[in-house]
Amino acid sequence: MWWWRQFKAIAMFPGVMAVLIPAMLLVTVGRGDGLSLAPGARAVAITAGALLTAFGLALFCWTVVLFAKRGKGTLSPLDAPKRLVVTGPYRHVRNPMYTAVFSVQLGEAVMLWSWTLLLWFGCFAAFVMTFVPLREERWLATQFGADYAEYRAHVPRWLPRPTPWYPGNRV
1 MWWWRQFKAI AMFPGVMAVL IPAMLLVTVG RGDGLSLAPG ARAVAITAGA LLTAFGLALF
61 CWTVVLFAKR GKGTLSPLDA PKRLVVTGPY RHVRNPMYTA VFSVQLGEAV MLWSWTLLLW
121 FGCFAAFVMT FVPLREERWL ATQFGADYAE YRAHVPRWLP RPTPWYPGNR V
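What the sequence shown shows, in full-length UniProt numbering, is residues 1 to 171, in sequence order.
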């Protein structure tokens, strides 16, 4: 029942950050729209937001499958991967799952032209960019030792490297 483990992890973490909290903000605070868009610009915003959201969802699904199949775990710290995942998008950037959630959040903000959701995206991104180096990377270093140290030395945290990195590749 690997799918149930994945579903619970997704519902608890990215589901809350990219779906539940934005929905609650929209209901309680509103969109925070101080600017109106011309019809043509509105269509562009909806299209751009939809593309960002679709990209984020596709990348997210890819990373969840890699965590399940290669890492033998989930995105949840309570059921974390047992093996270090360094394939697929992880060959270019260390945090593609966060990139995926950021893309969904930003896509929602653009698609709905919501300053409230844009502010939520900024707050969440600031938290993640603080949390990852201070807690998550320390845990990964403890869990995966030299393998993670080599990976970390060659693959950037946030901005993707143009060429994929392969373990043992000293480029």
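C-beta atoms are modelled at their ideal positions from N, C-alpha and C, and glycine is treated no differently.
Here's the rule: buried if 16 or more other CB atoms are within 10 angstroms of the residue's CB, otherwise exposed. What is F131? For this step, residue 131 is matched to residue 131 along the sequence shown. So F131 ends up on the exposed side.
Cβ neighbours of M12 in the same chain (closer than 8 Å, five flanking residues each side left out): Counting from 1 along the sequence shown, the entry for residue 12 is found at position 12. Result list for M12: S76, in chain order.
Cutoff 7 Å; reference A109; Cβ partners in own chain excluding five residues on either side: Translated into positions along the sequence shown, residue 109 becomes position 109. Cβ neighbours of A109 beyond the five flanking positions: L117, L118, F121.
Compare the C-alpha of P96 against each of E137, L59, A45 and name the closest. Numbered from its first residue, the sequence shown carries residue 96 at position 96. Selected option, being the one with the closest Cα: L59.
Boundaries of the alpha helix (DSSP H) in which G88 is found, first to last residue: Position 88 of the sequence shown, counted from the start, is the residue given in the question as residue 88. Looking at the DSSP string, G88 is not in any alpha helix (DSSP H), and its letter there is neither H nor E.
Kindly list the residues whose CB is nearer than 7 Å to the CB of G73, restricted to its own chain and excluding five residues on each side of it in sequence; keep chain order. Counted from its first residue, the sequence shown places residue 73 at position 73. Correct list, in chain order: F67, D79, A80, P81, K82.
If you draw a straight line from the alpha carbon of I21 to that of F127, how long is it in whole angstroms? Residue numbering aside, residue 21 sits at position 21 when the sequence shown is read from its first letter. Residue numbering aside, residue 127 sits at position 127 when the sequence shown is read from its first letter. Cα-Cα distance, rounded: 15 Å.
Under a three-way DSSP split, which group does F13 fall into? Position 13 of the sequence shown, counting from 1, holds the residue named residue 13. F13 falls in the coil class under three-state DSSP.
Could you check where the alpha helix (DSSP H) with K69 kicks off and where it finishes? Along the sequence shown, one-based indexing puts residue 69 at 69. For K69, the enclosing alpha helix (DSSP H) stretches over residues 39-69.
Please state whether the Cβ-Cβ distance between F31 and S114 is less than 9 Å. The residue you call residue 31 lines up with position 31 of the sequence shown. The residue you call residue 114 lines up with position 114 of the sequence shown. Correcting the residue identity first, residue 31 is Arg in this sequence and not Phe. Yes, they are a contact pair.
Does DSSP put W115 in a helix, in a strand, or in coil? In the sequence shown, residue 115 corresponds to position 115, counting from 1. Secondary structure at W115: helix, using DSSP grouped into helix, strand and coil.
Assuming the contact rule is C-beta atoms closer than 8 Å, G56 and G107 should be a hit. Round their C-beta distance to whole Å, please. Residue numbering aside, residue 56 sits at position 56 when the sequence shown is read from its first letter. Residue numbering aside, residue 107 sits at position 107 when the sequence shown is read from its first letter. That pair is a contact at about 6 Å.
Just checking my contact of Q105 with A38 at CB under 8 Å: how many whole Å lie between their CB atoms? Translated into the one-based positions of the sequence shown, residue 105 becomes position 105. Translated into the one-based positions of the sequence shown, residue 38 becomes position 38. Contact doesn't hold; Cβ gap of about 25 Å is too wide.
If we require 4 or more residues per run, which alpha helix (DSSP H) segments fall completely within the stretch 102-164? 115-131, 137-154
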